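**Student:**
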Amino acid sequence: MCRLEFYCLFSLVWHFRCWRRFITSRKTTVVLARAFDMLKINEESVKPMPFEKLALSIESPTVLQTTRAFLDRLESRFILSQPSSSSSPENIDHLLKHLGAPKRRILSNSGGRTRVTPTKTARNSDVSKLPRYSPRAILCAYMILGHPSVVFNEQGEREKLLIESAKSSVKEFELLIKTILDGLDGACKLKQPMVDVISPGSSNYHESSAVVADRKKFRSQLASFDKAWCAYLYHFVVWKIKDAKSLEEDLVRAACKLELSMMQTCKLTAEGQPENLNDNLKAIRKQVIVDQKLLKEKVRHLGGEAGIERMEFALSEIRSKFFEAKGNKSPLATTITNIASTCSSGEYPISDIKENNTNNERPSQAVQSLFRTPSPPSESNTGDISMSNPMTMSNTVAERGPTENEQMVNEILHGFLADSSDNIGTVEGGFQEKVRETMEKAFWDMVVDSLRGDMPDYSYLVQLVKEVRDALHEMAPKGWKEEITNNIDLEILSQVLESGTQDIQYLGQILQYSLDMLRKFSSPAKEDEMKRNHNKLLGELIEHSKCNNRGPNSFVIAVIKGLRFTMEELKALKAEVSRARIQLLEPIIKGSGGVEYLRKAFADRYGSPSTPSVALHSTALWISTSKDIVEVEWNEHVNSFSVLPATDHAQPLVATLRSGHRVPVQQQSTVFATDGMGLPECTGEKLDKLLRIGLLQLISGIEGMQRQSVPETFKLNWLRLRSVQSQFQQVIVIATSLLVQRQVLMSVGSNIIPTELENATLELFNTLTELLDNFSDVSTDKIMEVMVRSSTSTSSSSNEITENMKQMLARIFLKSLQTDDTVFKKVSRSVYCAFRAITLGGSGAKGKKLADASLSRIGATKLTNRVVKAAEVLIRAATISEQVHGPWYDHLL
Numbered sequence: 002m003c004r005l006e007f008y009c010l011f012s013l014v015w016h017f018r019c020w021r022r023f024i025t026s027r028k029t030t031v032v033l034a035r036a037f038d039m040l041k042i043n044e045e046s047v048k049p050m051p052f053e054k055l056a057l058s059i060e061s062p063t064v065l066q067t068t069r070a071f072l073d074r075l076e077s078r079f080i081l082s083q084p085s086s087s088s089s090p091e092n093i094d095h096l097l098k099h100l101g102a103p104k105r106r107i108l109s110n111s112g113g114r115t116r117v118t119p120t121k122t123a124r125n126s127d128v129s130k131l132p133r134y135s136p137r138a139i140l141c142a143y144m145i146l147g148h149p150s151v152v153f154n155e156q157g158e159r160e161k162l163l164i165e166s167a168k169s170s171v172k173e174f175e176l177l178i179k180t181i182l183d184g185l186d187g188a189c190k191l192k193q194p195m196v197d198v199i200s201p202g203s204s205n206y207h208e209s210s211a212v213v214a215d216r217k218k219f220r221s222q223l224a225s226f227d228k229a230w231c232a233y234l235y236h237f238v239v240w241k242i243k244d245a246k247s248l249e250e251d252l253v254r255a256a257c258k259l260e261l262s263m264m265q266t267c268k269l270t271a272e273g274q275p276e277n278l279n280d281n282l283k284a285i286r287k288q289v290i291v292d293q294k295l296l297k298e299k300v301r302h303l304g305g306e307a308g309i310e311r312m313e314f315a316l317s318e319i320r321s322k323f324f325e326a327k328g329n330k331s332p333l334a335t336t337i338t339n340i341a342s343t344c345s346s347g348e349y350p351i352s353d354i355k356e357n358n359t360n361n362e363r364p365s366q367a368v369q370s371l372f373r374t375p376s377p378p379s380e381s382n383t384g385d386i387s388m389s390n391p392m393t394m395s396n397t398v399a400e401r402g403p404t405e406n407e408q409m410v411n412e413i414l415h416g417f418l419a420d421s422s423d424n425i426g427t428v429e430g431g432f433q434e435k436v437r438e439t440m441e442k443a444f445w446d447m448v449v450d451s452l453r454g455d456m457p458d459y460s461y462l463v464q465l466v467k468e469v470r471d472a473l474h475e476m477a478p479k480g481w482k483e484e485i486t487n488n489i490d491l492e493i494l495s496q497v498l499e500s501g502t503q504d505i506q507y508l509g510q511i512l513q514y515s516l517d518m519l520r521k522f523s524s525p526a527k528e529d530e531m532k533r534n535h536n537k538l539l540g541e542l543i544e545h546s547k548c549n550n551r552g553p554n555s556f557v558i559a560v561i562k563g564l565r566f567t568m569e570e571l572k573a574l575k576a577e578v579s580r581a582r583i584q585l586l587e588p589i590i591k592g593s594g595g596v597e598y599l600r601k602a603f604a605d606r607y608g609s610p611s612t613p614s615v616a617l618h619s620t621a622l623w624i625s626t627s628k629d630i631v632e633v634e635w636n637e638h639v640n641s642f643s644v645l646p647a648t649d650h651a652q653p654l655v656a657t658l659r660s661g662h663r664v665p666v667q668q669q670s671t672v673f674a675t676d677g678m679g680l681p682e683c684t685g686e687k688l689d690k691l692l693r694i695g696l697l698q699l700i701s702g703i704e705g706m707q708r709q710s711v712p713e714t715f716k717l718n719w720l721r722l723r724s725v726q727s728q729f730q731q732v733i734v735i736a737t738s739l740l741v742q743r744q745v746l747m748s749v750g751s752n753i754i755p756t757e758l759e760n761a762t763l764e765l766f767n768t769l770t771e772l773l774d775n776f777s778d779v780s781t782d783k784i785m786e787v788m789v790r791s792s793t794s795t796s797s798s799s800n801e802i803t804e805n806m807k808q809m810l811a812r813i814f815l816k817s818l819q820t821d822d823t824v825f826k827k828v829s830r831s832v833y834c835a836f837r838a839i840t841l842g843g844s845g846a847k848g849k850k851l852a853d854a855s856l857s858r859i860g861a862t863k864l865t866n867r868v869v870k871a872a873e874v875l876i877r878a879a880t881i882s883e884q885v886h887g888p889w890y891d892h893l894l
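Count the sequence shown with this note's numbering and you get residues 2 to 894, in order.
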């Protein structure tokens, strides 16, 4: 009897130890359920929560890992709870594959020890199956319940069914959690091995009966949840496929547009080989291939290999129709229109899962974020493809772009048209200018090719002369129009050219007359200079014609040179006329006229202020997010003035980096010496405060700003805001570089004199600012190269010390640019405070003083003027937007 009792006691202790180890290493269902419950993601909490806050919460790794662990446990419990006599659970693999979830990680046995079982590979391959319960889909159900108007572009029958199934799934899911936590699923009360030895007569019999009842209730509720989940998953996948299909069509259409543009520009033959491909055309072709490769990856992500096949079919159709039209010698403009319409009409077979979708809405931003759906290609790569804001309702999906007049008025209000009108409505960098030059050169090369050969095509030449005549018509008084028509007779020109004589005399008369008219239209101050240039051109053409003995190439070169010169003179004259008109209109536009014009244009595009939430979804979300932090930011800004010194003397500086070295006083800013009135500070008015802080939040983001994510009220200025964001990031990089250089110089050469240190810092600052101002894409390697050169130029150190310095600079600099690094956090926070000081405090002495104090903490007061210039753009944008869009903001608030 004693041996039996000892054996039972030993068995209980052994089972208890195993159970305790399971609890601590693998965690029980109760522990996992309690961990998810502590996330505070439930039906009651998500409805009042702002959408952006909910989206950020759901995207966090902690939430995803906790949800995944809990759902994996529920799946294993559900599989084990199935009676062996019954059929297997409903197979939903065909639905799960559409979620694009990653493969499940193969878990190791016994807390990290792995077993090698090569003879069971077929069986173990099941672990790579997709999880039955997707964490992202479950979390998306909460987003659907909390913010259906944001998730859906429209709410048709399909969306209504999804909302109902999401509500049912969430209800059963939360009941399951409640069942686990209320009954503890027997996990805490039961010592698992003890249940089997409890007899009806024991004192724990009633407790074990309750445990068994809880288990039955848990299994029943788990089955109910699984049933609701399968229904929700079906409706969710149907809805997601519809959006993915629409996005795939856009991506294929973009690839076709790129292919068509490349074939036209590079003059590809039917065999796919280019004709006389120069360096510029090679660059264009290479860029198109790179862009198409990116588009293919996105299509593969959406539709797999079937999507790639559909894309290749569409590209093949585009090529064949292009060469067919080229062989038939159809007009190029008609060819482009027909092919583009074919691509847009969806004639390529993307109809495997097609359903009625008359609105062709874009995928919801919420689902794109949650399921990592690739964003549509940027507008710069897709020609005239309409890629509207995915948060916009279906009745405003085909959003019209701003007109040239809107862009001009907007630029005048922002003060960017004082000296030039060539940049109306654009904030372009060097890349766009290079593209424009390349395309212009390709166009003129195409005109030259059309005039050469045994059967020259004069259609381009006649069209260009027509453009010159029409431009002169637009600028000429009414009495001169008939004279222009008589002197530039396109019918006679066509007859002369088609005769095949290539007589340059008549064409020369047209060019001579056009240049004379241009001189009449220009200002008297430029007339003499233009006359000299015109006579010089005519003399060069005559001389060239004599030297080439009137050969065929002589005609082509003379025509192209004369026409190109005339077109450039015409362009310059148009710019001069536009500049004069702008100067006349500028006082009116800078008054109330410009604001009223932009307000009316905005109302025509987005509707009246009475219903802003219908069309201004991005603006509404932006305001909702900004309202949560505006008071905190404002109070911090106001309180920061109290810590400023009463005089302009240098305030004590904090230690830089971790070495304890301090920035010398000589680096104090001198921006106050040239201080003017500056832009006004924020007085604390509710809307002004909200707009300034909201814009500051937009430009301080790490991810590059995209047009789709910009509020509708700032889409006209999104390039301007992106430029400020670039300036914000450049200030962080420059400040970090200066800190790292100072740290390394004082660590490697502890006996370095202050003058050498200051010279090295100044050289690095000047070189870096020049580099970042002149090049849009500067690599970290280039920055480190500049740091090394400026650090070693002030002293004659040994090769060993120099090499050691290079390694330290590279290591510390790269580490300091990591977002989780302490140095990066301190630098970015100081830069943010400096931008906030100007944005809220104005660009006068008060704001500059506060910005200077923020930058002095990181030894970057040299950057104060740079911060002021960038932050002034935000002040202007906020002030003008308040005047233009005030009625819409009032209704949203």
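Quick reminder that beta carbons are idealized off the backbone N, C-alpha and C, glycines included. Please read these numbers as outputs of a predicted model, since none were measured by experiment.
1. On the three-pair Cβ rule with 8 Å, is the segment 701-719 touching the segment 841-859?
2. Pairing CB atoms from the segment 68-75 with CB atoms from the segment 146-154, are three or more of them under 8 Å?
3. Among the residues of its own chain, which have a CB less than 8 Å from the CB of Phe79, if the five just before and after it don't count?
4. Determine the contact status of Leu163 and Asp38, defining contact as a CB-CB distance below 8 Å.
5. Given that a residue counts as buried once 16 or more other Cβ atoms are within 10 Å of its Cβ, and exposed if not, what is Ala526?
6. Determine the burial state of His474: buried for a count of at least 16 other Cβ atoms within 10 Å of its Cβ, exposed for fewer.
7. I need the straight-line Cα distance from Leu765 to Leu856, nearest angstrom please.
8. Measuring alpha carbon to alpha carbon, tell me which of Gln83, Ala581, His99 ends up nearest His236.
9. Throw me the rounded Cβ distance for the Ala879 and Leu680 pair, which I believe falls under 8 Å.
10. Could you give the first and the last residue of the continuous alpha helix (DSSP H) run that contains Gln707?
11. Going by DSSP in three states, Leu91 sits in which element: helix, strand or coil?
12. Can you check whether the CB of Asn406 is closer than 8 Å to the CB of Asn718?
13. Please report the Cβ distance between Leu772 and Val789, rounded to the nearest whole angstrom; I am assuming they are in contact, meaning their Cβ atoms lie under 8 Å.
14. Below 6 Å CB to CB, which residues in the same chain sit around Lys482 once its five sequence neighbours on both sides are set aside?
15. Quick one: residues in its chain with C-beta nearer than 7 Å to the C-beta of Gln884, no 5 flanking neighbours on either side, listed in chain order?
16. Using CA atoms only, rank isn't needed, just tell me which of Glu165, Ser58, Pro588, Leu699 is closest to Ser619.
17. The alpha helix (DSSP H) that contains Trp623, what's its start and end?
18. Would you identify the three-state DSSP class for Gly184, choosing helix, strand or coil?
19. What runs of the alpha helix (DSSP H), each 4 residues or longer, lie entirely inside the segment 485-540?
20. Roughly how many angstroms lie between the CA atoms of Ile309 and Arg159, to the nearest whole one?
21. In angstroms with no decimal places, state the Cα-to-Cα distance between Ile876 and Lys827.
22. Given a cut-off of 8 Å, decide if Thr68 and Ile139 are closer than it, judged by their beta-carbon atoms.
23. Could you tell me the distance, in whole angstroms, from the CA atom of Tyr507 to the CA atom of Val497?
24. Applying the 10 Å Cβ sphere with the 16-neighbour rule, what's the burial state of Ala602?
25. Might you give, ordered along the chain, the residues of its own chain that have their beta carbon closer than 6 Å to the beta carbon of Tyr476, omitting 5 neighbours on each side?
26. Could you check which residue in Lys847, Lys870, Val239, Gly860 has the C-alpha nearest to that of Ser643?
27. Given a cut-off of 8 Å on the beta-carbon distance, is the pair Ser794 and Thr768 in contact?
28. Does the segment 319-326 come close enough to the segment 245-264 to have 3 or more Cβ pairs within less than 8 Å?
29. Quick one: grab the DSSP three-state call for Lys716.
30. Report yes if the CB atom of Val869 is closer than 8 Å to the CB atom of Ala854, and no otherwise.
31. Is DSSP giving Phe603 helix, strand or coil here?
32. Can you have a look at Glu325 and say buried or exposed, based on whether 16 or more other CB atoms are within 10 angstroms of its CB?
33. Name the residue from Ala142, Pro478, Ala443, Glu298 whose alpha carbon lies nearest to the alpha carbon of Ala284.
34. In whole angstroms, give me the CA-to-CA distance for Trp230 and Leu131.
35. Starting from the N-terminal side, write out each stretch of the alpha helix (DSSP H) that is 4 residues or longer and does not extend beyond the segment 815-865.
36. What residue range does the alpha helix (DSSP H) around Met456 cover?
**Tutor:** By the coordinates alone:
1. no
2. no
3. Pro90, Arg133, Leu223, Ala224, Asp227
4. no
5. exposed
6. exposed
7. 17 Å
8. His99
9. That pair is no contact at about 10 Å.
10. No alpha helix (DSSP H) contains Gln707, which DSSP labels as neither H nor E.
11. At residue 91 the sequence reads Glu, which differs from the Leu that was named. It is coil, neither helix nor strand.
12. no
13. Actually they do not touch by this definition, with Cβ atoms about 14 Å apart.
14. His474
15. Val596
16. Leu699
17. 618-628
18. helix
19. 491-499, 505-522
20. 27 Å
21. 25 Å
22. yes
23. 8 Å
24. buried
25. It is Met, not Tyr, that sits at residue 476 in the sequence shown. Same-chain partners within the cutoff: Phe522.
26. Lys847
27. no
28. yes
29. helix
30. no
31. helix
32. exposed
33. Ala443
34. 15 Å
35. 823-842, 846-857
36. Counting along the chain, Met456 falls outside any alpha helix (DSSP H), and DSSP gives it neither H nor E.
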